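K.L.:
Number of protein chains: 2
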Amino acid sequence: MRETDFVSGFARGLRVVEAFGEAQPRLSIADAAKITGLDRATVRRSLLTLSQLGYADYDGKFFTLTPKILRLGHAYLSATPLPIIVQPYLDQLAEKAGQSASASVLDGTEIVYVARASQRRVMSINLMPGSRLPAYCASMGRVLLAALPEAEARDILARSELKANTPLTRTDPEELLAELRRVRDEGYAIIDQELELGLCSIAVPVANDRGQVLAAVNIGASAAHVPAREMAERFLPLLRETQAALRLVLR
Amino acid sequence: MRETDFVSGFARGLRVVEAFGEAQPRLSIADAAKITGLDRATVRRSLLTLSQLGYADYDGKFFTLTPKILRLGHAYLSATPLPIIVQPYLDQLAEKAGQSASASVLDGTEIVYVARASQRRVMSINLMPGSRLPAYCASMGRVLLAALPEAEARDILARSELKANTPLTRTDPEELLAELRRVRDEGYAIIDQELELGLCSIAVPVANDRGQVLAAVNIGASAAHVPAREMAERFLPLLRETQAALRLVLR
DNA sequence: TGACATTTGTTCGTATATCGCACACGATGA
DNA sequence: TCATCGTGTGCGATATACGAACAAATGTCA
Chain A
1 MRETDFVSGF ARGLRVVEAF GEAQPRLSIA DAAKITGLDR ATVRRSLLTL SQLGYADYDG
61 KFFTLTPKIL RLGHAYLSAT PLPIIVQPYL DQLAEKAGQS ASASVLDGTE IVYVARASQR
121 RVMSINLMPG SRLPAYCASM GRVLLAALPE AEARDILARS ELKANTPLTR TDPEELLAEL
181 RRVRDEGYAI IDQELELGLC SIAVPVANDR GQVLAAVNIG ASAAHVPARE MAERFLPLLR
241 ETQAALRLVL R
Chain B
1 MRETDFVSGF ARGLRVVEAF GEAQPRLSIA DAAKITGLDR ATVRRSLLTL SQLGYADYDG
61 KFFTLTPKIL RLGHAYLSAT PLPIIVQPYL DQLAEKAGQS ASASVLDGTE IVYVARASQR
121 RVMSINLMPG SRLPAYCASM GRVLLAALPE AEARDILARS ELKANTPLTR TDPEELLAEL
181 RRVRDEGYAI IDQELELGLC SIAVPVANDR GQVLAAVNIG ASAAHVPARE MAERFLPLLR
241 ETQAALRLVL R
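Protein chains in written order, with the numbering used here: chain A, 1 to 251; chain B, 1 to 251.
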């Protein structure tokens with residue numbers, strides 16, 4: 001790949017889009033420049049481009065993204081068979097379990113939700129396709145990390161900001177790696193309020209017919225209703241069932 | 001806005017991303033060039049840029065989008081208060097109604113799902129945030145079009161490809177405009193198997209405290225379980241309740 | 001099979017567009 | 001009033017797009 005095989009204007013524009021987020025729904029030119037570290041003039045050109053294409057609104061002072069920006073993610077969601085195939089199985093799983101079920105894949109140090117069947121809300125944060133959580137402290141994250149060669153998992157943990165979201169969060173890399181080995185052996189991961197107090201979840205990997213792990217599926221429940229020690233007993237059979245069904249239809 | 005306030009490299013890159021879709025999950029350079037109408041050399045540079053940034057994978061022949069691309073849509077979903085505020089109300093609505101509830105906004109001739117609480121699957125197609133449906137034949141689309149000045153609704157209908165998805169689909173622009181006037185008067189829209197046989201839905205507009213229509217909320221049900229003539233009776237009170245609650249919290 | 005046509009990916013040179021910087025200007029507030 | 005912050009603009013240096021040409025792969029037909 002040569003130096004000139006890279007369109008930096010495009011890359012800069014994508015950085016500007018990603019500058020928008022929960023904390024920054026509305027950005028002025030200077031805001032976006034500060035967040036992206038790009039020159040104000042450059043950011044301004046990118047934002048005006050977004051606005052002219054209908055991906056952003058501009059009131060003369062602040063820019064906000066429009067729903068048209070979802071077309072970009074939609075291209076992935078509809079182009080990738082995974083979410084479409086998984087969704088009906090999730091719906092069934094959520095109904096049988098009486099709890100929310102989700103599917104996610106790994107992207108760097110984070111897991112990305114690609115499908116979700118919500119039975120009832122148990123988390124304070126709102127999860128939907130495209131939502132992200134740190135892998136090290138999420139049940140699906142543990143399962144996905146366990147599916148990687150250990151060196152790679154170690155590398156991802158090293159790049160992660162291992163912070164204790166609750167007193168129960170495990171943050172020691174060696175302890176996490178030991179847990180990953182356990183997950184690899186047993187084939188499932190349970191999180192007991194490591195992400196948020198009151199929330200438990202159990203996840204299994206989802207592989208295709210060649211045994212490649214493509215995603216993870218989990219069930220989340222309120223710790224008050226389902227203590228962590230009961231998670232496996234109550235939900236693992238259902239998850240195994242879903243896992244087996246998906247193995248046959250994924251390629 | 002001056003000529004130079006536009007980054008055409010960025011705009012070209014976005015066109016390339018949108019070239020991916022359900023029918024085209026994997027694109028070669030030449031494919032993408034054909035779809036976008038851009039020069040092969042230019043498309044190649046954009047695709048290699050996407051690949052280098054981790055937004056796409058490249059096997060030497062075909063490009064596919066990666067989940068990282070969802071960050072772009074996620075920027076909107078988490079940056080925009082609407083989905084986050086609406087989701088808990090949708091969950092509640094879906095539970096009370098025992099049917100799926102969704103929220104969407106208008107983008108051109110299409111509605112875009114921004115949040116969804118799925119109770120059970122009634123449609124053959126899979127809906128999730130970011131999914132799109134033509135506005136003219138969806139209940140939320142009717143409601144959103146009805147909220148526009150008539151000239152604008154007429155223009156959108158003119159730009160829409162009015163095709164009959166089922167024998168019940170209404171495709172005559174004048175008939176649709178008359179229906180929009182009815183929807184505007186009555187404050188809700190019912191779709192009886194116009195999008196897909198066996199599927200009924202009812203939608204109401206969601207406005208903020210200043211009366212601006214920001215989105216639409218609907219309930220979908222199987223026509224076998226809930227005939228169209230019973231939709232209003234069974235679900236309109238629940239939808240009105242949700243509508244009133246949202247009016248108070250949206251601004 | 002071999003020769004030829006077509007398609008696809010890649011490279012190159014140059015005209016053109018874009019970047020980052022510096023500066024001007026207006027708004028806001030101390 | 002002055003300092004500060006944010007926006008818009010002109011300019012030289014640099015990066016990019018385009019079209020064309022080339023190489024390699026693929027398809028086609030006798």
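We put the beta carbon where it would ideally sit given N, CA and C, even for glycine. This one's a predicted model, so the numbers in the text were calculated from it and none came from an experiment.
Could you check the C-alpha separation between B:THR4 and A:GLN243 for me, to the nearest Å?
P.N.:
In this structure, the straight-line span from the alpha carbon of B:THR4 to that of A:GLN243 is close to 53 angstroms.
K.L.:
Please give the ranges of any alpha helix (DSSP H) in the region 60 to 136 of chain B, keeping only runs that are unbroken, at least 4 residues long and fully inside the region.
P.N.:
70 to 79 and 81 to 97
K.L.:
For B:GLN212, count neighbouring Cβ atoms within 10 angstroms of its own Cβ and tell me buried if that reaches 16, exposed if not.
P.N.:
exposed
K.L.:
At 9 angstroms on the CB atoms, spell out the chain A contacts of B:PRO81, in chain order.
P.N.:
PRO25
K.L.:
In terms of alpha-carbon separation, which member of A:SER46, A:ALA23 and A:GLY21 lies closest to A:ILE29?
P.N.:
A:SER46
K.L.:
Chain B beta carbons: is any one of them nearer than 9 angstroms to that of A:VAL114?
P.N.:
yes
K.L.:
So which of B:SER201, B:VAL206, B:PHE62 and B:ILE156 has the shortest CA-CA distance to B:ARG234?
P.N.:
B:SER201
K.L.:
Going by C-alpha to C-alpha distance, which of B:ARG142, B:ALA215 and B:PRO67 sits closest to B:PRO173?
P.N.:
B:ARG142
K.L.:
Measure the alpha-carbon distance for A:ALA97 versus B:SER131 and round it to whole angstroms.
P.N.:
26 angstroms
K.L.:
Under 6 angstroms Cβ to Cβ from B:GLU150, same chain only, skipping five residues before and after it: list those, please.
P.N.:
none
K.L.:
Please decide whether A:SER201 counts as near chain B, where near means a Cβ-Cβ distance under 9 angstroms.
P.N.:
no
K.L.:
Among A:GLU241, A:GLY54, A:PHE10 and A:VAL114, whose alpha-carbon lies nearest the alpha-carbon of B:SER51?
P.N.:
A:PHE10
K.L.:
Can you check which of these residues, A:ASN165, A:LEU177, A:ALA23 and A:THR169, is closest to A:ASP155 by C-alpha distance?
P.N.:
Among A:ASN165, A:LEU177, A:ALA23 and A:THR169, the Cα nearest to that of A:ASP155 belongs to A:LEU177.
K.L.:
Does the separation of the CB atoms of B:GLY187 and A:SER78 fall below 9 angstroms?
P.N.:
no
K.L.:
Around the Cβ of A:SER8, are there at least 16 other Cβ atoms within 10 angstroms (buried) or fewer (exposed)?
P.N.:
exposed
K.L.:
Just the chain B side, please: which residues come within less than 8 angstroms of A:LEU77 by C-beta, in chain order?
P.N.:
LEU70, MET128, GLY130 and SER131
K.L.:
Where does B:HIS74 land, buried or exposed, given buried means 16+ other C-beta within 10 angstroms?
P.N.:
buried
K.L.:
Does chain A have any CB closer than 9 angstroms to the CB of B:GLN99?
P.N.:
no
K.L.:
What does the Cβ neighbour count give for B:ASP110, buried or exposed, with the cut at 16 atoms within 10 Å?
P.N.:
In the sequence as presented, Asp is not what sits at residue 110 of chain B; that position holds Glu. So B:GLU110 counts as buried.
K.L.:
Using DSSP bridges, identify the partner residues of A:ASN218.
P.N.:
A:SER102 and A:ALA203
K.L.:
Among all the DSSP beta bridges, which residues are the ones paired with A:GLY21?
P.N.:
A:GLN24
K.L.:
Bridge partners for A:ALA56 per DSSP, in chain order?
P.N.:
A:LEU65
K.L.:
Since B:PHE10 meets chain A, which of its residues come closer than 7 angstroms, beta carbon to beta carbon?
P.N.:
GLY9, PHE10, GLY13, SER46 and THR49
K.L.:
Span of the beta strand (DSSP E) holding A:ALA189?
P.N.:
That run of the beta strand (DSSP E) goes 189 to 192.
K.L.:
Can you tell me whether B:GLU230 is buried or exposed, with buried defined as 16 or more other CB within 10 angstroms of its CB?
P.N.:
When all chains shown are included, B:GLU230 counts as exposed.
K.L.:
Which residue or residues does DSSP assign as beta-bridge partners of A:VAL213?
P.N.:
A:ALA207
K.L.:
Report yes if the CB atom of B:PHE6 is closer than 9 angstroms to the CB atom of A:THR49, and no otherwise.
P.N.:
yes
K.L.:
Where does A:GLU175 land, buried or exposed, given buried means 16+ other C-beta within 10 angstroms?
P.N.:
exposed
K.L.:
Can you have a look at A:GLU152 and say buried or exposed, based on whether 16 or more other CB atoms are within 10 angstroms of its CB?
P.N.:
Exposed, by the Cβ-count rule.
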